[in-house]
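Colleague: Numbering (my numbering), first residue to last: 262 to 848.
So, in structure tokens, the structure goes:
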């Protein structure tokens with residue numbers, strides 16, 4: 262049961278990315294529990310709510326949004342650019358497809374309609390809270406995907422007129438989400454458990470939900486954004502003040518960040534909720550394969566992400582003259598230590614090993630390999646991963662706290678010191694200084710986020726966004742961040758890779774030996790022992806025989822401001838229910 266529950270959890274958390282075959286709200290499940298003979302004790306409630314984790318299946322043993330969704334954003338470029346990045350999404354046809362699926366909701370509402378008959382008050386509080394946690398997450402996912410959606414808080418029958426209701430406004434739906442998650446926080450015991458939902462998990466979810474909705478409203482021109490941002494501050498502050506979690510710092514700044522994600526088993530130091538995997542018992546996952554396979558994923562980090570990392574002394578890399586043309590070894594020196602714990606630096610060794618790994622540019626589209634969450638070498642095979650996945654962690658609450666207060670205009674230096682500066686301390690970086698950030702907003706970040714708040718906190722908001730992108734990289738949040746900030750056009754900025762001044766031989770680790778040799782059809786000049794020989798007619802450079810790797814050469818990247826912030830509703834659903842109106846711009 263334990264493994265089944267954990268497997269299902271990731272399915273529910275990635276609910277927007279998968280679909281169920283049976284999406285009819287009025288269909289009685291074949292295994293429906295008879296309310297007259299069930300819901301009689303705590304065990305009944307536990308068994309039923311355990312099944313919430315199984316309501317939406319994982320689409321594949323290899324696909325888990327938490328460590329793959331960034332590959333559909335500007336953070337990671339996979340071997341094949343996704344339709345979302347290319348701006349090539351189309352309106353789905355089939356009813357219940359594309360995330361417009363409500364099957365999971367019926368089971369939650371059925372539980373909430375019947376669990377009250379249990380005489381165990383404590384059990385009702387806990388499991389009623391868990392049900393509302395899942396309903397809050399369900400509708401949060403629907404709102405961030407589609408905007409307005411029909412709100413159902415009761416079990417529908419075949420003749421229920423609500424089957425054909427119109428979409429409710431996102432503000433109405435989010436009011437219910439807020440009420441549900443507040444109920445969950447108040448009623449689920451606040452215990453520290455890594456693999457099951459607790460009151461602390463509910464606080465973390467509330468912080469994420471309210472930051473998303475508050476900033477969406479602010480940047481998309483919807484009233485009353487302050488209420489949601491204040492709720493985000495409240496949830497994050499409650500989690501911080503609880504003292505239940507702290508940042509994982511074992512090993513110090515040089516290794517702690519990498520170790521935290523690469524280790525096999527998570528504990529409750531920083532991790533609030535994780536999906537458990539085990540080497541002996543299936544299922545396993547294929548995330549490490551995506552990071553190391555030339556044909557399976559070939560994940561690459563774009564250069565603008567690499568440029569985002571500060572120097573180790575806290576100054577901006579992008580303030581250095583000619584930073585754009587620095588070669589690999591030089592650009593990796595004296596940077597935020599998280600850089601070479603996120604991408605393979607000059608001295609990269611496989612996790613748990615000491616021998617330096619040969620440079621291999623065939624397994625990365627941009628030349629910058631993804632190593633965050635890359636675990637031991639035996640997991641680098643298809644569907645061979647067994648390291649735990651982190652779903653919620655304390656670091657996110659720190660970032661939510663700082664960002665929400667900055668967007669509200671209530672941030673102080675003391676607030677930074679209790680939040681993002683703890684993250685910088687873990688990495689051995691100087692503190693973020695609010696006055697300095699606001700006095701000199703970073704021009705490089707301004708080109709990425711032109712819609713940022715133009716007020717007095719512009720500089721510090723940009724710095725918090727820098728910190729969020731670096732700290733939360735490859736955790737499935739980047740696309741949502743761009744959407745809520747109304748910065749979809751960021752996707753259109755060139756997504757490039759490592760810079761090379763010419764063809765020829767290059768030493769990536771400064772040991773006097775050639776690691777990379779670039780040619781345009783004749784590799785005969787490559788020194789013996791060169792580990793990565795690249796034909797630029799196949800792996801293009803921006804200027805032909807010089808410049809940056811250009812993995813998207815020939816591919817048009819577009820983001821339509823009039824439609825791409827939301828997803829389209831399946832055409833069959835609109836045909837079946839004329840009250841459902843398609844999102845703007847979609848046909």
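Ideal placement from N, C-alpha and C gives every residue a C-beta, glycine not left out. Everything numeric in this text was worked out from a predicted model, so none of it was measured.
So, at 7 Å on beta carbons, what are the nonlocal neighbours of residue 779 in its own chain, with the 5 sequence-adjacent residues on each side left out?
Modeller: Translated into positions along the chain shown, residue 779 becomes position 518. Once the five neighbours on either side are set aside, the close Cβ partners of residue 779 are 761, 764, 765, 795, 797.
Colleague: Given a cut-off of 8 Å on the beta-carbon distance, is the pair residue 425 and residue 634 in contact?
Modeller: Residue 425 sits at position 164 when you count from the first residue of the chain shown. Residue 634 sits at position 373 when you count from the first residue of the chain shown. No, the Cβ-Cβ distance between residue 425 and residue 634 is not below 8 Å.
Colleague: Who pairs with residue 765 in a beta bridge, going by DSSP?
Modeller: To locate residue 765, count along the chain shown from 1; it is residue 504. 779.
Colleague: Just to confirm, is the Cβ distance from residue 626 to residue 802 under 8 Å?
Modeller: Against the chain shown, residue 626 aligns to sequence position 365. Against the chain shown, residue 802 aligns to sequence position 541. Contact flag unset, no.
Colleague: Just checking, does the segment 585-605 make contact with the segment 677-694 on the three C-beta pairs under 8 Å criterion?
Modeller: Touching, per the Cβ criterion.
Colleague: What number of angstroms, rounded off, separates the C-alpha of residue 731 from the C-alpha of residue 304?
Modeller: To locate residue 731, count along the chain shown from 1; it is residue 470. To locate residue 304, count along the chain shown from 1; it is residue 43. So the two alpha carbons sit approximately 43 Å from each other.
Colleague: With a threshold of 16 other CB atoms inside 10 Å of the CB of residue 307, please say whether the residue is buried or exposed.
Modeller: Residue numbering aside, residue 307 sits at position 46 when the chain shown is read from its first letter. With fewer than 16 Cβ atoms within 10 Å of its Cβ, residue 307 is classed as exposed.
Colleague: Going by alpha carbons, who is nearest to residue 664 out of 637, 618, 624, 719?
Modeller: Sequence index remark: in the chain shown, residue 664 carries index 403 (1-based). Among 637, 618, 624, 719, the Cα nearest to that of residue 664 belongs to 719.
Colleague: Which residues in the same chain as residue 313 place their Cβ atom closer than 6 Å to its Cβ, once the five residues preceding and following it in sequence are excluded?
Modeller: As a first step, residue 313 must be located in the chain shown, where it is residue number 52. Once the five neighbours on either side are set aside, the close Cβ partners of residue 313 are 395.
Colleague: Starting from residue 650, trace the beta strand (DSSP E) both ways and give me its first and last residue.
Modeller: The residue given as residue 650 occupies position 389 in the chain shown. Segment 650-654, the beta strand (DSSP E) holding residue 650.
Colleague: Starting from residue 368, trace the alpha helix (DSSP H) both ways and give me its first and last residue.
Modeller: As a working note, residue 368 is residue 107 in the chain shown. Where residue 368 is concerned, the enclosing alpha helix (DSSP H) stretches over 364-375.
Colleague: Going by DSSP, what residue range makes up the alpha helix (DSSP H) through residue 345?
Modeller: Taking the first residue of the chain shown as 1, we reach residue 345 at position 84. Per DSSP, residue 345 belongs to the alpha helix (DSSP H) from 344-347.
Colleague: Which residues in the same chain as residue 824 place their Cβ atom closer than 8 Å to its Cβ, once the five residues preceding and following it in sequence are excluded?
Modeller: If you number the chain shown from 1, residue 824 lands on position 563. Here the set comprises 844, 845, 846, 847.
Colleague: Give, in chain order, every unbroken run of the beta strand (DSSP E) that is at least 3 residues long and sits entirely within the segment 455-500.
Modeller: None, since the segment 455-500 contains no complete beta strand (DSSP E) of that length.
Colleague: Between residue 529 and the rest of its own chain, which residues show a CB-CB distance below 6 Å, the 5 nearest in sequence each way excluded?
Modeller: Position 268 of the chain shown, counting from 1, holds the residue named residue 529. Same-chain partners within the cutoff: 453, 455.
Colleague: Note down the Cα distance separating residue 630 from residue 832, rounded to an integer number of angstroms.
Modeller: Position 369 of the chain shown holds residue 630. Position 571 of the chain shown holds residue 832. Each residue's Cα considered, the two are about 40 Å apart.
Colleague: Going by DSSP, what residues sit across from residue 796 in a beta bridge?
Modeller: By one-based count along the chain shown, residue 796 stands at place 535. DSSP lists 780 as partners of residue 796.
Colleague: List the DSSP bridge partners of residue 625.
Modeller: The residue given as residue 625 occupies position 364 in the chain shown. According to DSSP, which records beta bridges pairwise, residue 625 is partnered with nothing at all.
Colleague: State the DSSP-derived secondary structure class of residue 731, mapped to helix, strand or coil.
Modeller: By one-based count along the chain shown, residue 731 stands at place 470. Reduced to three states, the DSSP call for residue 731 is helix.
Colleague: Taking only the alpha-carbon atoms, compute the straight-line gap between residue 602 and residue 516 and give it to the nearest angstrom.
Modeller: On the chain shown, position 341 is the one that residue 602 refers to. On the chain shown, position 255 is the one that residue 516 refers to. Cα to Cα, the separation comes out at about 7 Å.
Colleague: Just mark residue 834 as buried or exposed, buried being the case when its beta carbon has 16 or more other beta carbons within 10 Å.
Modeller: The residue labelled residue 834 in the question sits at position 573 within the chain shown. Its Cβ being crowded by 16 or more others within 10 Å, residue 834 is buried.
Colleague: What does DSSP give as the partner residue(s) for residue 809 in the beta ladder?
Modeller: Residue mapping note: residue 809 aligns to position 548 of the chain shown, counting from 1. Looking at the DSSP assignment, residue 809 forms a beta bridge with 760.
Colleague: Can you give me the Cβ contacts of residue 587 inside the same chain, cut-off strictly under 8 Å, excluding the 5 residues immediately before and after it?
Modeller: Start at 1 with the first residue of the chain shown, and residue 587 comes out as number 326. Answer for residue 587: 581, 760, listed in chain order.
Colleague: Out of 437, 483, 554, point me to the one whose CA is closest to residue 398's CA.
Modeller: Within the chain shown, residue 398 is the residue found at index 137, counting from 1. Among 437, 483, 554, the Cα nearest to that of residue 398 belongs to 437.
Colleague: Beta-carbon within less than 6 Å of residue 486's beta-carbon, same chain only, minus the 5 sequence neighbours each way: which residues are those?
Modeller: As a first step, residue 486 is located in the chain shown; it is residue number 225 there, counting from the start. So the qualifying residues of the chain are 475, 478, 479.
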